[in-house]
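If you count the sequence shown from 1, position 129 lands on 141 in the working numbering, and the numbers rise without skipping.
Before any comments, here is the structure.
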Amino acid sequence: MVSGRHVMVELYGCSYKTLSDLELIKQVLIDIATRLGSRVLSEHFVKLDPGISGVLVIGESHISIHTWPEKNYASIDIYTCNKSSDLDQALLFVKKRFNPIQQCALLVERGLPEGFRVTEMKWGESRIEKSEMAQHVRE
């Protein structure tokens with residue numbers, strides 16, 4: 013049984029304006045938490061020049077973001093122990109809000125008795141395709 017699911021998202025070709033807007037970034041992360049059915053316990057965001065780093069501590073784990081507007085790039089981590097959270101819908105929402113030219117994601121299922129499992133997630137406008145990449149076996 014999986015203890016947690018950790019999605020690592022890479023977004024390329026996002027707009028400079030979006031990636032440097034602190035209030036927008038905060039709201040997007042809060043909206044992700046809401047879509048996951050999570051409650052936000054605390055938040056901390058830092059406006060860098062020109063990027064943003066931020067984290068939401070949620071009841072089930074965390075959601076974080078780091079943006080590099082000058083490279084039109086952002087990375088997002090979504091880690092949840094809520095087994096009923098719809099990560100596919102969260103990723104479709106991320107794509108809609110950031111409108112990247114290209115994106116990719118890895119899902120790491122953690123806390124398995126045999127170790128962890130890594131799955132590549134590819135998504136279009138309305139669906140997510142998954143393909144298992146690796147499984148780490150504990151020694």
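Each residue gets a CB set at the ideal place from its N, CA and C atoms; glycine is no exception.
| Check | Outcome |
| --- | --- |
| Would S97 be called buried (16 or more neighbouring beta carbons within 10 Å of its own) or exposed? | buried |
| Could you tell me the distance, in whole angstroms, from the CA atom of T46 to the CA atom of L34? | 19 Å |
| Judging by CA-CA distance, which residue of Y85, E126, G127, L99 is the nearest neighbour of K134? | L99 |
| Assuming I44 and I75 make a contact with CB atoms under 8 Å, what is their CB distance in whole Å? | 6 Å |
| Helix, strand or coil for D61, going by three-state DSSP, please let me know. | coil |
| Taking the straight line between their C-alpha atoms, what separation do you get for Q101 and L48? | 8 Å |
| Alpha carbon to alpha carbon, what distance is there between I77 and L119? | 16 Å |
| Kindly indicate which three-state DSSP category K83 falls into: helix, strand or coil? | helix |
| Quick check: the Cα distance between L60 and P81, rounded to an integer number of angstroms? | 10 Å |
| Please classify R17 as buried or exposed, where buried requires at least 16 neighbouring CB atoms within 10 angstroms. | buried |
| Between which residues of its own chain and V19 is the CB-CB distance below 6 Å, once the five residues before and five after are set aside? | I90, L99, A117, L119 |
| Thinking V106 and V21 are a contact (beta carbons under 8 Å), I'd like their distance in whole angstroms, please. | 6 Å |
| Going by beta carbon distance, what residues of the same chain come within less than 6 Å of N84, once the five residues before and after it are set aside? | G25, C26 |
| Using the three-state DSSP reduction, which class does I70 fall into: helix, strand or coil? | strand |
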